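Following: one structure in structure tokens, then a few remarks.
2 protein chains.
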Amino acid sequence: MSYRVEPIVREPAYLKVCQALEQDILDGTLSIGETLPTETMLADQFGVNRSTVREGVRLLEQTGLIVRGAAKRWVVTQVEAADVANNTSRALARSGVTFMQAWEALSVIYPQAAGLVAQRIDDQTLSRMKQRVADESKLNADQHDALVELVSEFFSDFAAAVDNPALEVSMESLNLLLTSSLRLILGGTPNALTRIVTAQKALIDAFSSGDQENARLWMTRHIGDLRRGYEVAGVDIRTLIVDNA
Amino acid sequence: MSYRVEPIVREPAYLKVCQALEQDILDGTLSIGETLPTETMLADQFGVNRSTVREGVRLLEQTGLIVRGAAKRWVVTQVEAADVANNTSRALARSGVTFMQAWEALSVIYPQAAGLVAQRIDDQTLSRMKQRVADESKLNADQHDALVELVSEFFSDFAAAVDNPALEVSMESLNLLLTSSLRLILGGTPNALTRIVTAQKALIDAFSSGDQENARLWMTRHIGDLRRGYEVAGVDIRTLIVDNA
DNA sequence: AATCGTCCTATTGTCCGACAATCCGATAAT
DNA sequence: ATTATCGGATTGTCGGACAATAGGACGATT
Chain U
2 MSYRVEPIVR EPAYLKVCQA LEQDILDGTL SIGETLPTET MLADQFGVNR STVREGVRLL
62 EQTGLIVRGA AKRWVVTQVE AADVANNTSR ALARSGVTFM QAWEALSVIY PQAAGLVAQR
122 IDDQTLSRMK QRVADESKLN ADQHDALVEL VSEFFSDFAA AVDNPALEVS MESLNLLLTS
182 SLRLILGGTP NALTRIVTAQ KALIDAFSSG DQENARLWMT RHIGDLRRGY EVAGVDIRTL
242 IVDNA
Chain W
2 MSYRVEPIVR EPAYLKVCQA LEQDILDGTL SIGETLPTET MLADQFGVNR STVREGVRLL
62 EQTGLIVRGA AKRWVVTQVE AADVANNTSR ALARSGVTFM QAWEALSVIY PQAAGLVAQR
122 IDDQTLSRMK QRVADESKLN ADQHDALVEL VSEFFSDFAA AVDNPALEVS MESLNLLLTS
182 SLRLILGGTP NALTRIVTAQ KALIDAFSSG DQENARLWMT RHIGDLRRGY EVAGVDIRTL
242 IVDNA
């Protein structure tokens with residue numbers, strides 16, 4: 002009664018193709034920027050049919066490991082945090098994240114991250130963030146889409162400024178949730194624009210002077226504004242954030 | 002010179018298939034647990050060839066949105082945090098995460114998360130975590146693989162106990178990095194087992210009594226041990242964490 | 001010289017038809 | 001009740017095929 006066997010795994014060929022390609026990319030046999038052989042050549046080399054190759058390649062496509070190049074050939078590419086984040090946030094939206102949960106995640110990570118950014122931000126990123134805020138302050142209060150776009154980019158810069166890929170992917174995922182939330186509340190929060198600009202200016206000041214304390218403080222306020230915006234706009238905090246990719 | 006046009010996007014049919022299926026899953030037309038029609042039927046309904054359907058389905062497969070059921074038909078499934086985390090951590094490992102960066106991410110998120118867990122952990126999760134620690138303390142100091150396994154499960158429980166999917170996926174990704182790191186240092190840190198058990202027992206005490214302060218404190222110590230372990234084991238803190246899925 | 005047609009080639013996206021392997025359920029045999 | 005056998009359904013894989021498109025070469029036009 003104690004005899005147990007491992008369930009045998011039958012790996013389809015298209016999976017093998019996917020794994021073989023991924024392995025070659027991982028160990029540098031195929032390096033970033035290189036173009037893959039044509040599907041016909043791959044089929045010949047792997048000894049499988051072109052249809053099988055195509056199915057295997059689809060698995061890599063979704064992960065962002067390869068993209069279609071200009072000449073329509075597959076090109077090995079660096080997986081960007083944005084790719085991973087996109088998959089992640091879609092999965093989150095599907096599994097049902099409430100605004101409250103997204104906000105909690107933001108409030109756990111972002112103030113601390115702001116402290117890190119104040120230690121290590123470089124001039125280039127800093128000036129880019131300044132530009133975003135300058136653009137924001139030129140907007141009218143009813144240009145919601147443009148504002149969302151700029152805020153999204155501001156937070157992308159912020160995530161990149163942490164200079165830590167492990168944190169960056171998490172933050173990029175949350176940024177997408179944040180963006181969706183923001184879009185939802187802008188209609189009902191008249192003075193959102195000024196509050197956003199004020200907080201972000203203060204953040205940039207703290208970053209550029211290396212003031213971790215104020216960076217954390219203002220990020221906490223900035224995130225807090227988001228929550229207050231939800232209340233002011235009269236949106237239930239248990240509202241699900243939906244996927245609008 | 003200012004005339005600009007949108008680049009036209011030519012969406013291949015297999016992408017449309019993927020999106021259509023994802024949409025139907027998202028809006029509940031296809032609910033969790035339901036089996037998809039056969040490939041032939043899908044091909045008929047979409048008006049495309051079965052090969053095209055198969056390519057589209059591959060895109061969904063990688064995301065964990067559907068799995069092969071017992072009868073080999075596709076079954077719509079809940080995307081688990083572990084699925085997302087697996088993709089994420091593989092991407093991270095590929096793009097090159099140092100131990101230092103993983104540790105920094107842990108130290109940003111986990112103490113705060115521990116505070117949240119102390120507020121809201123349920124008895125079932127708590128007893129499961131207790132069991133893990135009890136099992137750990139029965140191990141000999143040289144049973145590295147078993148210890149890694151138990152620690153990994155402890156942290157999975159921890160991530161789930163936060164009861165926030167947005168944080169959970171990030172934490173599960175970090176757990177995989179943590180596990181890889183732990184495996185690397187156990188050989189060179191003789192008293193790792195006792196330190197781990199001590200910290201985790203203290204954490205469980207804090208969780209069960211709702212003591213947020215101590216939860217944060219002990220998690221900070223626990224994570225700190227990991228870093229010290231790296232130093233004791235003589236591993237360079239800039240070492241890349243590799244993908245060993 | 002720079003731009004615009006035109007042709008050719010390579011490659012992808014898509015389709016069709018086909019078959020072996022496997023799984024499921026039912027039925028028959030022990 | 002368990003085991004063997006059978007038939008249908010479905011997937012994994014194959015081979016071949018074709019239209020559409022990107023890219024390059026080569027003139028023709030301004």
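Residue numbers (my numbering), protein chains in the order written: chain U, 2 to 246; chain W, 2 to 246. Virtual Cβ for every residue (Gly too), placed ideally from N, Cα, C. Since the structure is predicted, the reported quantities are computational estimates derived from the model, not experimental observations.
The beta carbons of residue 234 (chain W) and residue 182 (chain W) sit about 10 Å from each other, so the pair does not count as a contact at 8 Å.
With respect to residue 100 (chain U), residue 231 (chain U) sits close: the two C-beta atoms are nearer than 7 Å. Listed in chain order, the beta strand (DSSP E) elements of length 3 or more contained wholly in the stretch 37 to 87 of chain W are 67 to 69 and 75 to 77.
Classified as exposed, residue 206 (chain W) has fewer than 16 neighbouring CB atoms from the shown chains inside 10 Å of its CB. At least one CB of chain U lies nearer than 7 Å to the CB of residue 60 (chain W). Neighbours of residue 56 (chain W) across chain U, judged by C-beta separation under 8 Å: 55, 56 and 59.
Within the stretch 122 to 145 of chain U, no residue places its CB atom closer than 9 Å to a CB of chain W. About 6 Å separates the CB atoms of residue 64 (chain U) and residue 63 (chain W); that is less than 8 Å, so the two are in contact. Closer than 7 Å to the CB of residue 52 (chain U) there is at least one CB belonging to chain W. Scanning its chain for C-beta atoms nearer than 6 Å, with the 5 sequence neighbours on each side dropped, one finds around residue 145 (chain U) the residues 187, in chain order. The beta carbon of residue 239 (chain W) sits closer than 7 Å to the beta carbons of 99 and 101 from its chain, once the five residues preceding and following it are set aside; these are given in chain order. Separation of the CB atoms of residue 180 (chain W) and residue 153 (chain W) is rounded to 5 Å, and the pair is thereby assigned contact status at 8 Å. The criterion of a C-beta distance shorter than 7 Å is not satisfied by residue 224 (chain W) and residue 162 (chain W). Look at residue 240 (chain W) here: in three-state DSSP terms it is coil, with no helix or strand label.
Fewer than three Cβ pairs drawn from the stretch 34 to 51 of chain U and the stretch 47 to 60 of chain W lie within less than 8 Å of each other, which leaves the two stretches out of contact.
The Cβ atoms of residue 36 (chain U) and residue 85 (chain U) lie no closer than 7 Å to each other. Using a Cβ-Cβ cut-off of 7 Å, residue 166 (chain W) counts as an interface residue toward chain U, since at least one Cβ of chain U sits closer than that to its own.
Distance from the CA atom of residue 202 (chain W) to the CA atom of residue 172 (chain W), rounded to whole angstroms, is 20 Å. In this structure, DSSP gives residue 18 (chain W) a helical state, which the three-state scheme calls helix.
Taking CB atoms only, residue 31 (chain U) has no neighbour in chain W less than 7 Å away. Between residue 112 (chain U) and residue 142 (chain U) the beta-carbon gap is near 27 Å, outside 8 Å, which marks them as no contact. In this structure, the straight-line span from the alpha carbon of residue 81 (chain W) to that of residue 156 (chain W) is close to 16 Å. Its chain contains 155, 158 and 205 as the residues whose beta carbon lies nearer than 7 Å to that of residue 130 (chain U), once the 5 sequence neighbours on both sides are disregarded; these appear in chain order.
Boundaries cannot be given for residue 144 (chain W), as no alpha helix (DSSP H) includes it and DSSP labels it neither H nor E. For a Cβ distance threshold of 7 Å, residue set 27 and 80 of chain U lies close to residue 95 (chain W), ordered along the chain. Burial state of residue 128 (chain W) is exposed, judged by a 10 Å Cβ sphere holding fewer than 16 other Cβ atoms. By the criterion of a C-beta distance shorter than 8 Å, residue 40 (chain W) is surrounded in its chain by 51, 54, 55 and 58, once the five residues flanking it on both sides are discounted. When C-beta distances to chain U are compared with 8 Å, the residues of the stretch 168 to 182 of chain W below that value are 168, 170, 171, 174, 175 and 178, in chain order. If you check each beta-carbon in the stretch 101 to 115 of chain U against every beta-carbon of chain W, the ones closer than 8 Å belong to 102, 103, 105, 106, 109, 110, 113 and 114.
Taking a beta-carbon distance threshold of 7 Å, residue 92 (chain U) counts as an interface residue toward chain W. Contact between residue 107 (chain W) and residue 175 (chain W) holds: their C-beta atoms lie close to 6 Å from each other, under 8 Å.
Cβ contact annotation for residue 140 (chain U) (same chain, cutoff 7 Å, sequence separation greater than five): 147, 148 and 194, in chain order. Apart from sequence neighbours up to five positions away, the residues of its chain that approach residue 83 (chain W) with a beta-carbon distance below 8 Å are 157 and 173, ordered along the chain. In the DSSP assignment, residue 131 (chain U) falls within the unbroken alpha helix (DSSP H) covering 124 to 139.
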